[in-house]
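For the sequence shown, our numbering begins at 228 and goes up steadily by one.
Ideal Cβ placement from N, Cα and C applies to all residues, glycine included.
Contents: one structure, followed by commentary.
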Amino acid sequence: MVADMKVLLVEDDPSMQTALRRTLQNRGMQVDLCGDGREALARWQAGAPDVVMLDLTLPGMDGLLVLEQARRAGLATPVLILTARGTVGDRIIGLNTGADDYLPKPFDLDELEARLRALHRRAPAATARTNEPGVGGLRCDRESGAIHWRDQILELPPREAALLQALLARPGHAVTKERLFELVFPGETEVQYEAIEVVAYRLRKKLTPTGVKLVTLRGLGYLLKAE
Numbered sequence: 228m229v230a231d232m233k234v235l236l237v238e239d240d241p242s243m244q245t246a247l248r249r250t251l252q253n254r255g256m257q258v259d260l261c262g263d264g265r266e267a268l269a270r271w272q273a274g275a276p277d278v279v280m281l282d283l284t285l286p287g288m289d290g291l292l293v294l295e296q297a298r299r300a301g302l303a304t305p306v307l308i309l310t311a312r313g314t315v316g317d318r319i320i321g322l323n324t325g326a327d328d329y330l331p332k333p334f335d336l337d338e339l340e341a342r343l344r345a346l347h348r349r350a351p352a353a354t355a356r357t358n359e360p361g362v363g364g365l366r367c368d369r370e371s372g373a374i375h376w377r378d379q380i381l382e383l384p385p386r387e388a389a390l391l392q393a394l395l396a397r398p399g400h401a402v403t404k405e406r407l408f409e410l411v412f413p414g415e416t417e418v419q420y421e422a423i424e425v426v427a428y429r430l431r432k433k434l435t436p437t438g439v440k441l442v443t444l445r446g447l448g449y450l451l452k453a454e
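This is the structure in structure tokens:
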């Protein structure tokens with residue numbers, strides 16, 4: 228048995244919530260409950276669950292939209308969709324949106340547990356990607372330094388790549404121009420300080436298709452912000 232698996236259960240039916248939480252807790256899992264789509268996305272981002280169980284029909288935000296926005300934000304947690312929408316077309320839509328498995332209601336509890344544990348066993352690579360620095364689907368590979376947007380490598384000139392790597396290393400925080408200059412132009416004493424603004428301008432334009440903005444904070448520096 229996998230100890231202390233953390234499951235985010237996104238389900239708006241109170242009786243289903245109660246039954247599933249009791250069952251999963253009895254089988255050695257930690258369960259965080261949520262019945263609203265928008266709240267679920269915030270909990271997912273803040274709580275780092277091992278597996279997400281996601282119903283599709285939710286108040287606040289439809290489950291497929293929750294899943295789509297989570298994947299766009301770079302959240303790679305395995306997702307098991309639980310829903311009464313059991314047609315082949317619905318399953319294909321869910322899987323294409325980013326789900327890892329699909330279990331239509333009603334379902335057998337033993338099968339549910341088996342699927343959750345299988346997703347948890349396959350999760351280490353996804354978890355490692357989630358723990359890499361990232362903003363809005365952009366992430367930086369810790370070992371290679373390659374910058375990825377979703378599943379594609381983002382090709383950038385060296386200086387723009389160095390600037391983006393520095394910002395991705397501190398997601399949500401401003402990095403001073405002085406620090407960025409040191410990282411982008413190491414040892415290049417002949418380069419004017421204002422050159423960092425030119426690199427930032429070029430990078431800002433290239434980030435437009437990703438939906439991530441390079442924001443200038445007067446007196447503080449630059450930071451990345453997902454739309």
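Worksheet entry | Delimiting residues of the alpha helix (DSSP H) encompassing residue 241 | Following the DSSP letters along the chain, one finds residue 241 inside the alpha helix (DSSP H) bounded by residues 241 to 253.
Worksheet item: Where does residue 449 sit, in a helix, a strand or coil, going by DSSP?
Response: DSSP places residue 449 in strand when its eight states are reduced to three.
Discussion item. On the criterion of 16 or more Cβ atoms from any shown chain inside 10 Å, does residue 352 qualify as buried, or is it exposed?
Written reply: Confidence at residue 352 is low in this model, with a pLDDT of 48, below 50, so the placement of that residue is unreliable and no value is reported for it.
Discussion item. Bridge partners for residue 329 per DSSP, in chain order?
Written reply: Beta-bridge pairing links residue 329 to 308.
Worksheet entry | Rounded separation between residue 432 and residue 293 - CA only | Roughly 28 Å separates the two Cα atoms.
Item to complete: Mind listing, in chain order, the continuous alpha helix (DSSP H) runs of no fewer than 4 residues lying wholly within the region 253 to 300?
Response: Within the region 253 to 300, complete alpha helix (DSSP H) segments of at least 4 residues are found at 264 to 274, 290 to 299, given in chain order.
Worksheet item: Buried or exposed: which applies to residue 417, given that a residue is buried once 16 or more other Cβ atoms fall within 10 Å of its Cβ?
Response: In the assembly as shown, residue 417 is an exposed residue. Its beta-carbon has fewer than 16 other beta-carbons within 10 Å.
Discussion item. Can you tell me whether residue 437 is helix, strand or coil according to DSSP?
Written reply: Correct three-state label for residue 437: helix.
Worksheet item: Which class does residue 425 belong to by DSSP, given the choice of helix, strand or coil?
Response: Of the three classes helix, strand and coil, the one that applies to residue 425 here is helix, per DSSP.
Worksheet item: Does the distance from the CB of residue 332 to the CB of residue 307 come in under 8 Å?
Response: For residue 332 and residue 307, no; Cβs fall outside 8 Å.
Discussion item. I'd like to check one pair, residue 282 with residue 290: are the Cβ atoms closer than 8 Å?
Written reply: Yes. Within cutoff.
Worksheet item: Any idea which residues DSSP pairs residue 411 with across the strands?
Response: DSSP lists no bridge partner for residue 411.
Discussion item. I'd like the list of long-range same chain contacts for residue 256, defined as Cβ closer than 7 Å, with 5 residues on each side in sequence excluded.
Written reply: Excluding residues within five positions, the ones whose Cβ falls inside 7 Å are 232, 234.
Worksheet item: residue 279 to residue 236, Cα distance in whole Å?
Response: Roughly 6 Å between the two C-alpha positions.
Worksheet entry | Supposed close pair residue 394, residue 450 - CB separation, criterion 8 Å | The C-beta distance from residue 394 to residue 450 rounds to 7 Å, short enough to meet the 8 Å contact threshold.
Discussion item. How far does the alpha helix (DSSP H) with residue 347 in it extend, from its first residue to its last?
Written reply: Counting along the chain, residue 347 sits inside the alpha helix (DSSP H) bounded by residues 336 to 348.
Worksheet item: Does the Cβ of residue 349 have 16 or more other Cβ atoms within 10 Å, making it buried, or fewer, making it exposed?
Response: Burial call: exposed.
Worksheet item: Taking C-beta to C-beta, are residue 407 and residue 364 nearer than 8 Å?
Response: Contact flag unset, no.
Worksheet entry | Residue closest to residue 240, alpha-carbon to alpha-carbon, out of 285, 250, 269 | The candidate whose alpha carbon is nearest that of residue 240 is 285.
Worksheet item: Does any residue of chain D bring its CB to less than 8 Å from the CB of residue 277?
Response: Structure shown: chain D not included; a single protein chain is present.
Practice prompt. Tell me whether residue 264 is buried or exposed, calling it buried when 16 or more other Cβ atoms sit within 10 Å of its Cβ.
Written response: Buried: at least 16 other Cβ atoms inside 10 Å.
Practice prompt. Have a look at residue 297 and residue 245 and give me their C-alpha separation to the nearest angstrom.
Written response: Rounded to the nearest angstrom, the two C-alpha atoms are 25 Å apart.
Item to complete: With DSSP collapsed to three states, give me the class of residue 392.
Response: The three-state secondary structure of residue 392, taken from DSSP, is helix.
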